[in-house]
Amino acid sequence: EDKVVQSPLSLVVHEGDTVTLNCSYEVTNFRSLLWYKQEKKAPTFLFMLTSSGIEKKSGRLSSILDKKELFSILNITATQTGDSAIYLCAPNFGNEKLTFGTGTRLTIIP
Amino acid sequence: GAVVSQHPSRVICKSGTSVKIECRSLDFQATTMFWYRQFPKQSLMLMATSNEGSKATYEQGVEKDKFLINHASLTLSTLTVTSAHPEDSSFYICSARRGGGGYTFGSGTRLTVV
Chain A
1240 EDKVVQSPLS LVVHEGDTVT LNCSYEVTNF RSLLWYKQEK KAPTFLFMLT
1290 SSGIEKKSGR LSSILDKKEL FSILNITATQ TGDSAIYLCA PNFGNEKLTF
1340 GTGTRLTIIP
Chain B
4 GAVVSQHPSR VICKSGTSVK IECRSLDFQA TTMFWYRQFP KQSLMLMATS
54 NEGSKATYEQ GVEKDKFLIN HASLTLSTLT VTSAHPEDSS FYICSARRGG
104 GGYTFGSGTR LTVV
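Chains A and B, in that order, give the protein sequences. For what it's worth, my numbering labels the leading residue of the first sequence as 1240, then goes sequentially. For what it's worth, my numbering labels the leading residue of the second sequence as 4, then goes sequentially.
Here's what the structure looks like:
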């Protein structure tokens, strides 16, 4: 059975800190892995990763995939209160379905 | 580009009644649409996958007679919660995919059954 685990489940840091969120998966027919940020409503897209070792960057956020060790990390540097959200990773197993992880609830304290 | 509109954003209904939720792709044709349910402080759980013009594929444990999905066109999918009960209260989110492209989510519908 395909499995997605995110850690930590919850994280509280001060504004300006750097955080690393983890996503590990056990899947068959892996195609890609997506990261989303969910605030109050629907998730918003952050990154899609398909190749190992290639870092994707968007402002203070970056993400990388390790297909050999079956995990991905999402880094946020110089965190701001607006980064407070639930961060979800979702591997795609080649059948169009996204299987979401448990999510990491990130809280940034001013 | 790639906007998905979901309606209503919030609905309260009486136990035993049915509720219809619409999901529209506004600026693209969605070959596949997905319906998720999210309980408080939990992740998104996929309920079903629908392709235009064919029957939806439901995930294990999701009652297809209770959660009716219709995907009559490339821009519209509907989820009808039939004979709703308080345990169906949840946040329902749709997602649409264009061809081999990315996934765009609707803004979600918070259903409360009283």
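Ideal placement from N, C-alpha and C gives every residue a C-beta, glycine not left out.
Terminal residues of the beta strand (DSSP E) in which residue i lies
| i | result |
| --- | --- |
| I1325 (chain A) | 1324-1331 |
| F94 (chain B) | 93-100 |
| Q1277 (chain A) | 1271-1277 |
| E25 (chain B) | 22-28 |
| R113 (chain B) | 112-116 |
| D1305 (chain A) | 1300-1305 |
| N1334 (chain A) | Note, N1334 (chain A): premise wrong, no beta strand (DSSP E); not H, not E. |
| S12 (chain B) | First-last for S12 (chain B): undefined, no H or E at that position. |
| Q41 (chain B) | 35-41 |
| S1246 (chain A) | 1242-1246 |
| F108 (chain B) | 106-108 |
| S80 (chain B) | 79-84 |
| T1283 (chain A) | 1283-1288 |
| K1295 (chain A) | 1295-1297 |
| F70 (chain B) | 70-76 |
| T52 (chain B) | 48-54 |
Within chain B, partners of residue i - CB distance below 7 Å
| i | result |
| --- | --- |
| F1284 (chain A) | G105 |
| A1281 (chain A) | I96, F108, G109, S110, G111 |
DSSP state of residue i mapped onto helix, strand, coil
| i | result |
| --- | --- |
| T1346 (chain A) | strand |
| E1265 (chain A) | strand |
| T1316 (chain A) | coil |
Interface flag, residue i vs chain B, CB-CB below 8 Å
| i | result |
| --- | --- |
| K1295 (chain A) | no |
Cutoff 8 Å: residue i Cβ touching any chain A Cβ
| i | result |
| --- | --- |
| R101 (chain B) | no |
Closer than 9 Å at the beta carbon, the chain B residues around residue i
| i | result |
| --- | --- |
| T1341 (chain A) | Q45, S46 |
Residues that residue i contacts on chain A, provided the C-beta gap is smaller than 9 Å
| i | result |
| --- | --- |
| L79 (chain B) | The contacting residues do not exist; L79 (chain B) stays about 17 Å from chain A at best. |
Within chain B, the residues that residue i reaches when beta carbons sit closer than 8 Å
| i | result |
| --- | --- |
| L1327 (chain A) | S46, L47 |
| K1336 (chain A) | F37, L49, T52 |
For the segment 1330-1345 of chain A and the segment 9-29 of chain B, state whether three or more C-beta atom pairs, one from each stretch, are separated by less than 8 Å. no
Under 8 Å: do the segment 45-54 of chain B and the segment 7-14 of chain B share three or more Cβ pairs, one atom per stretch? no
Three or more C-beta pairs under 8 Å: does that hold for the segment 1240-1247 of chain A against the segment 1290-1307 of chain A? no
Report yes or no: do three or more beta-carbon pairs, one from the segment 74-90 of chain B and one from the segment 1323-1331 of chain A, lie closer than 8 Å? no
Take every Cβ of the segment 21-36 of chain B, pair it with every Cβ of the segment 89-103 of chain B, and state whether three or more of those distances are shorter than 8 Å. yes
Using 8 Å as the Cβ pair cut-off and three pairs as the minimum, do the segment 67-85 of chain B and the segment 1312-1325 of chain A touch? no
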